[in-house]
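Only one structure is covered here, and it is reproduced in the block below.
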Amino acid sequence: MGKNGKAMAAVWTAILTAAVFLAGCGMTGGESETPVETQQTAEEETLEDTEALLENAGLTGSIADCTEEGAHVVETQIEGDVAVAPALGYETEAAAVRYQDGMEIERISLQTDGTLLERKQISVSDIEPGDQVYAYGNWTENGEFLADRMIIVTIG
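As numbered in mature numbering (1 follows the signal peptide of the UniProt record, and there is no 0), residues -23 to -1, 1 to 133 make up the sequence shown, in order.
Take a look at the structure:
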């Protein structure tokens, strides 16, 4: 299994882990309009482009809990050709993530074969426990991750 397989293995592991979370972090109420990139315009982006983007994330994992200010992410570790996530109930170590002002958040929907279906901007209120997240930013000396960009990936 090569680089592409590792990225997809990480996505699948996180999606399976995410299936156990049901509660949302978002606020209820009014919905905001967000631009949507349909499959027609998304076809320009290849699977390799998406995988390269996801491989460059500073933090990858599943959202354990979240607020409007930040989240805790259970990290997905890549060990050889296998993506490893803690079993349900053993997520004792979660990275603290703080959202930076102006953080860009996208939701990317992929088909099971990795083909891009949709890519759209979302808000912090759309992030939910169990979401597979790829976060970009910097680690602080105290171990907190300062996110200036997040990509939420869904399959199907």
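Backbone N, C-alpha and C fix where the C-beta goes; we use that ideal spot for every residue, glycine too.
The structure displayed is predicted, hence computed values, not measured ones.
Query	Result
Classification of glutamine 109 by the beta-carbon crowding that lies within 10 angstroms, buried from 16 upward	buried
Threonine 89 versus glutamate 95 - alpha carbon distance	13 Å
Glutamate 121 beta carbon less than 8 Å from that of alanine 73	yes
Where aspartate 42 sits in the DSSP three-state scheme	strand
Spatial neighbours of valine 101 in its chain, beta-carbon cut-off 7 Å, leaving aside the 5 residues before and after	Glu45, Tyr76, Ile82
Buried or exposed (CB count within 10 angstroms, at least 16 for buried), threonine 53	buried
CB contact flag (glycine 35, alanine 112, <8 Å)	yes
Rounded C-alpha distance that separates aspartate 42 from valine 50	7 Å
Paired residues, beta bridge with glycine 114 - DSSP	Ala124
Cross-strand partners of alanine 73 (DSSP beta bridge)	His49
Beta strand (DSSP E) segment containing glutamate 105, residue limits	Where glutamate 105 is concerned, there is no enclosing beta strand (DSSP E), given that its DSSP letter is neither H nor E.
Buried/exposed call for threonine 37, threshold 16 Cβ in 10 Å	buried
Buried or exposed (CB count within 10 angstroms, at least 16 for buried), alanine 29	exposed
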